[in-house]
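By UniProt numbering, the letter at position 350 of the sequence shown is numbered 350, and the numbering carries on one by one without gaps. Every residue, glycine too, gets a C-beta built ideally from N, C-alpha and C. Comments concern the structure below.
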Amino acid sequence: MSGSATTPALRLAELVRCRTVSAPDERDEAEFERFRATFARLYPRLHAELELTTFPGGSLLFRWPGASAEAPLVLMAHYDVVPAPVEQWDRDPFAGEIVEGPLGLKVHGRGTLDDKGSLVCVAEAVEQLLAEGVTPAHDVWLSLGADEEVEGHECRRVVAHLEGLGVRPWLVSDEGGAIVDDALPGLTGHSAMVATVEKGITNVRLLARGGGGHASTPSPDGATARLARAVVRLEENPAAPSLSEPVLQMLDVVGAAMPLPVRLALGQARRARRPVAEVLARVSKETSSMVRTTMAVTRLSGSPADNVLATEARAVVNVRLAVGDDREQLRARLTRLLKGLDVEIEAIEGNDPPPVSRTDNAAWAHLGRAIAALEVPGEPIRVVPYVQTGATDSRHFTRISDAVYRFSPLKMSRAQRDSIHAPNEWVEAAWLDRGVAFHRALITGERRTAPSSPSPRFVPHR
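Here it is, written out as structure tokens:
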């Protein structure tokens, strides 16, 4: 099937074959080197004509000099991926197969959606424009991360480097939302979900201490029992849902396209925040995560042996802080919840939610016009701001830009979104071509001034 595939699909398939797995206990630097060598071979003009700065962990920062260094554009992607146990997949996750699907050709494998697919769209657009002799009106920077899946420490270095050069991005575009046709029940047509903010990511370490001893003579209320009760208490007491300003923005946009009864209900969202938030909390796990801080116990440890009582039992709770929440409030809430259980909060490590990016500016309007390049006749795409529940490297750029947007120009079904960080990830080849068109428009499209007065979708930066 690969013979009829377009160039972006063929190149993505080749890059998927590089096993750039990034995990605390799994990372093969030879595979990262192989990716960089393959990437340079596939995109020779990009490497020959752009200025490249490399970082110790393998992240790449390209500068494409434009007619002006003012108001630069930053295009982001990352080439590391999460592990993919082959026994859980229908196909080899690193074979980079191009197969026939119900909607046409698709590229199968780890990273096709997160995030090598977007990386190929960026690189393909730049390579094409260089071949056409295009010089952008403003500098274009490509920030390609090598450790996004393990906290993205290198992106901090990239931002510090740009800050040292005095670079203040006019617009930053990274992975995030996608083109979906099921954003909310009752909403028809395609929606481009563009995150103007992402939730904070924090890991809480809980510790219960015990006396240890032989498992044949256990004492009541041991360390593991008390830790288990703490886990259950967290599960049974989720944070209350609430509507932040970015979620209200989302409702403003989608409400106008909803059936009349729903449109009228959403029109009252600003006056009835709690009831609407409670409804969204029940609609789906995605909308529930948008309107509340979530806590998920991801790791548990206890005794080192089957017949030994634990002297220490630990749990790691992965917390995604909602907009308006922070680590200080989280600590106070956990202290109340765990009262009387004799379980310690050993550490709270991570970040509060970053600042919300603006939607009353020229950069947001420019992004919307570029999204129009994804349309086909008869299939308009509405642009919907929203809160992203996952973390991206772009959060570090909010230090030097108030226009940081998270959007992958690829159509993703519910099943595809569920495959991110899970088995059987794939992308439609045709949408890679559209993603290239999106990035071409983002680079070459005319930049117009923002409205003279704030739009109804205005979001303050701080």
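Please state if the CB of residue j and the CB of residue i are separated by a distance shorter than 8 angstroms.
i, j, result
"A192", "I381", "yes"
"S22", "D147", "yes"
"R358", "A322", "no"
"L187", "V254", "yes"
"V387", "A183", "no"
"G117", "L12", "yes"
"P409", "R434", "yes"
"S301", "R320", "no"
"V383", "I371", "yes"
"L61", "S4", "no"
"T311", "G390", "no"
"residue 471", "A281", "For the chain, the structure presents residues 1 to 462; residue 471 sits outside this window and is missing."
What residue range does the alpha helix (DSSP H) around residue i cover?
i, result
"I371", "362-371"
"S143", "Taken as a continuous stretch (DSSP letters only), S143 belongs to no alpha helix (DSSP H), being part of the beta strand (DSSP E) at 138-145."
"Q128", "116-131"
"L330", "327-337"
"T196", "Unbroken run through T196 is the beta strand (DSSP E), 190-198; no alpha helix (DSSP H)."
"F62", "Counting along the chain, F62 falls outside any alpha helix (DSSP H), though it belongs to the beta strand (DSSP E) covering 60-64."
"A40", "29-42"
"D418", "414-419"
"A265", "260-266"
If you follow the beta strand (DSSP E) that residue i is part of, which residue opens it and which one closes it?
i, result
"H108", "104-108"
"E428", "426-428"
"M295", "294-301"
"A69", "68-78"
"S408", "404-411"
"L52", "51-54"
"Q388", "381-388"
"L187", "Taken as a continuous stretch (DSSP letters only), L187 belongs to no beta strand (DSSP E), as it is neither H nor E."
"E149", "Note, E149: premise wrong, no beta strand (DSSP E); not H, not E."
Between the C-alpha atoms of residue i and residue j, what's the straight-line distance to the nearest angstrom?
i, j, result
"V231", "R299", "11 angstroms"
"R447", "V167", "19 angstroms"
"T392", "A77", "9 angstroms"
"R17", "F94", "5 angstroms"
"T444", "A239", "44 angstroms"
"E124", "D181", "26 angstroms"
"L162", "M412", "32 angstroms"
"V81", "V279", "34 angstroms"
"V122", "A265", "40 angstroms"
"P136", "G66", "5 angstroms"
"R462", "H47", "Per-residue confidence for R462 stands at a pLDDT of 27, beneath the threshold of 50, marking its modelled position as unreliable; the derived number appears in the next sentence. Each residue's Cα considered, the two are about 38 angstroms apart."
"L442", "E127", "14 angstroms"
"S419", "L367", "27 angstroms"
"L42", "G177", "27 angstroms"
"V74", "H190", "26 angstroms"
"G164", "R157", "10 angstroms"
"S453", "P355", "The pLDDT assigned to S453 is 35, lower than 50, so where the model puts this residue is not dependable; a value taken from the coordinates is nonetheless given after this. Each residue's alpha carbon lies about 22 angstroms from the other."
"T7", "P385", "31 angstroms"
"E286", "S244", "15 angstroms"
"W64", "E154", "21 angstroms"
"T20", "R273", "44 angstroms"
"G111", "L119", "10 angstroms"
"F32", "A131", "27 angstroms"
"V150", "I345", "23 angstroms"
"F215", "P304", "Rather than Phe, the amino acid found at residue 215 in this sequence is Ala. Taking the straight line from one Cα to the other gives about 12 angstroms."
"G267", "K339", "40 angstroms"
"R36", "S394", "21 angstroms"
Write down the C-beta distance between residue i and residue j rounded to the nearest angstrom, noting that I regard them as a contact closer than 8 angstroms.
i, j, result
"V262", "A269", "About 11 angstroms separates the two Cβ atoms, so there is no contact after all."
"N307", "D90", "About 40 angstroms separates the two Cβ atoms, so there is no contact after all."
"V343", "A160", "Not confirmed; about 38 angstroms, so no contact."
"L432", "A9", "6 angstroms"
"Q416", "L113", "6 angstroms"
"A363", "A437", "Not quite, the Cβ-Cβ distance comes to about 19 angstroms (not below 8 angstroms), so this is no contact."
"G210", "L309", "6 angstroms"
"L234", "V317", "7 angstroms"
Confirm the yes/no value for this check: CB of residue i, any heavy atom of the ligand NAD, distance under 7 angstroms.
i, result
"E51", "As for the ligand NAD, it is missing from this structure, which has no ligand bound."
For chain B, is any of its Cβ atoms less than 8 angstroms away from the one on residue i?
i, result
"I201", "Among the protein chains of the structure shown there is no chain B, as only one such chain exists."
Contact between the segment 160-179 and the segment 404-421 (3+ Cβ pairs under 8 angstroms): yes
Cβ pair count under 8 angstroms reaching 3, the segment 98-116 against the segment 425-444: yes
Cβ pair count under 8 angstroms reaching 3, the segment 201-215 against the segment 342-352: yes
Contact the segment 324-337 vs the segment 219-228: 3+ CB pairs below 8 angstroms: no
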